[in-house]
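The block underneath contains the structure these notes are about, expressed in structure tokens.
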DNA sequence: TATGTGCTTTGACCTAAGTCAAAAGGGTAA
DNA sequence: TTACCCTTTTGACTTAGGTCAAAGCACATA
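Residue numbers (this note's numbering), protein chains in the order written: chain A, 1 to 224; chain B, 225 to 448.
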């Protein structure tokens, strides 16, 4: 049992005693691909950690257009916001693959938290980081155009994998939504990047050919 | 002394004992209008609460364009992120008016926090809310066009003031930045709204004449 | 009163990117 | 193989909103 929580970066730095306390209040839940985990406006009864699988967090605009806020994978935690506010879930969550989650019921967690200050501190840190990411996203959406956003995204993946060649791990429609655009536009931007020999792309395999120029694109000092 | 911290909504629900402990570790700092409080990449040595004045949080894009992330006023707390991550400030902060702030040094606060679990819980709640706001902002920026954003903003002000007639409390250039656009565009959008008799505006005084239609605009079911 | 400085508005123009529609692939099941 | 479905790409068109430049205001200081 112990192993499961250690795989979460947020929890991994917790003293062992807290790890087992967390374990004690959690439950394992499994969701097949395509299954909804919760919907916008459902009451926030607890939060989740992903052991295995992929979870899409998204909203539907009044016009019925889907906007993906985030895609979470193994080791990530989501929906913890509701635990602290006592408010409803602000978005929908859906399993993109067969997924195994750890569920932390709000009430039990709240009790645990109030008894263990170090746990609180670690969680505050986690939330700070998420905040930063969102601030970055706001900045990106309001300052940059699509090619810049794509370049930023690719360089981020490069950073994460440490390689110039890697796999986009969502399909292109989903990637478009993540970048705040639509598949057609993404397709055209990718084409331009190929024409300019900045990248090579086959299916979901990408190779960065000109990291230099991609970097300039990302900060808006350059156009395609 | 006591009164100062009670004016912060986040702290107001704290037991009195915590309020005074918070007081004990805090300092009052004063900034004249135009004075920088911290800059992007400065180390995060502590966070601030606003007693009086107005603080602008902003970033400068690589092209030198300013983007306002937020404008905080009395009763609000900012820059708490750095306290928990130990990272640098992610944006700039500047006093728009002569301002009085409470400063909470990171180290002392960290100690305090680890000794007082309820304080941790309240702060987790605060951060959850901020997260929500940012998620909303991301949604807004990626799903809506400028007239919808302006309508949303106006309706929010209406909500906050409880009146159909109120004061924009930033100038129009800053309002434009807050809405992720530029003064020219904002000016044209305002003009259209006036032409359609949705609002009346003189200087920074706004009156909402047709809340119904503004509501439709805000959710994108309507165009100007 | 004159001069300067910083907002705000207006006009003319341009372009990134969205819409709509259709074609091209790619994978699976019968 | 054929049929079907879903994703991706391409093309033609439209438009929101940004850029640049100039003019209009408003307020403060000399």
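Where a beta carbon is used, it is the ideal one built from N, C-alpha and C, also for glycine.
Those residues of the region 257 to 268 of chain B placed with their C-beta closer than 7 Å to a C-beta in chain A do not exist.
Listed along chain A, no residue sits closer than 9 Å to residue 325/B by beta-carbon distance, the nearest being about 20 Å off. Taking all protein chains in view, the Cβ of residue 92/A is crowded by 16 or more other Cβ atoms within 10 Å, so the residue is classified as buried. Judged by their CB atoms, residue 411/B and residue 422/B are not nearer to each other than the 7 Å cut-off. Measuring C-alpha to C-alpha distances from residue 329/B to each of 275/B, 365/B, 271/B identifies 271/B as the nearest.
Approximately 28 Å separates the beta-carbon atoms of residue 314/B and residue 369/B; this is outside 8 Å, ruling out the contact.
Cα atoms of residue 400/B and residue 447/B: separation of roughly 19 Å, rounded to the nearest angstrom. The region 424 to 435 of chain B makes contact with the region 391 to 409 of chain B, as at least three CB pairs between them are under 8 Å.
Per DSSP, the beta bridge partners of residue 94/A are 36/A, 56/A. Residue state for residue 87/A is assigned as coil, using DSSP reduced to three classes. Within the same chain, Cβ atoms closer than 8 Å to the Cβ of residue 179/A are found at 146, 149, 150, 153, 186, the five residues on either side in sequence being excluded. The Cβ atoms of residue 257/B and residue 321/B lie closer than 7 Å to each other.
Any Cβ of chain A closer than 7 Å to the Cβ of residue 430/B would place that residue at the interface, and such an atom is absent. At the C-beta level, residue 192/A and residue 112/A stay beyond 7 Å of one another. Of the candidates 260/B, 397/B, 311/B, 260/B places its Cα closest to the Cα of residue 325/B. At a cut-off of 7 Å between C-beta atoms, residue 46/A does not count as an interface residue with respect to chain B. Taking C-beta separations shorter than 6 Å and ignoring five residues to either side along the sequence, the partners of residue 181/A in its chain run 146, following chain order. Assignment of residue 372/B by DSSP, reduced to helix, strand and coil, places it in the helix class. The contact set of residue 308/B on chain A, defined by CB atoms closer than 7 Å, consists of 124, 125, 128 in chain order. Looking at the DSSP output, residue 425/B sits in a beta bridge with 430/B.
With contacts defined as CB atoms closer than 7 Å, residue 275/B and residue 228/B qualify as a contacting pair. A direct Cα-Cα distance of roughly 10 Å separates residue 296/B from residue 319/B.
Close partners of residue 344/B in chain A (Cβ separation under 9 Å): 113, 114, 117, 119, 120, 121, 123, 124.
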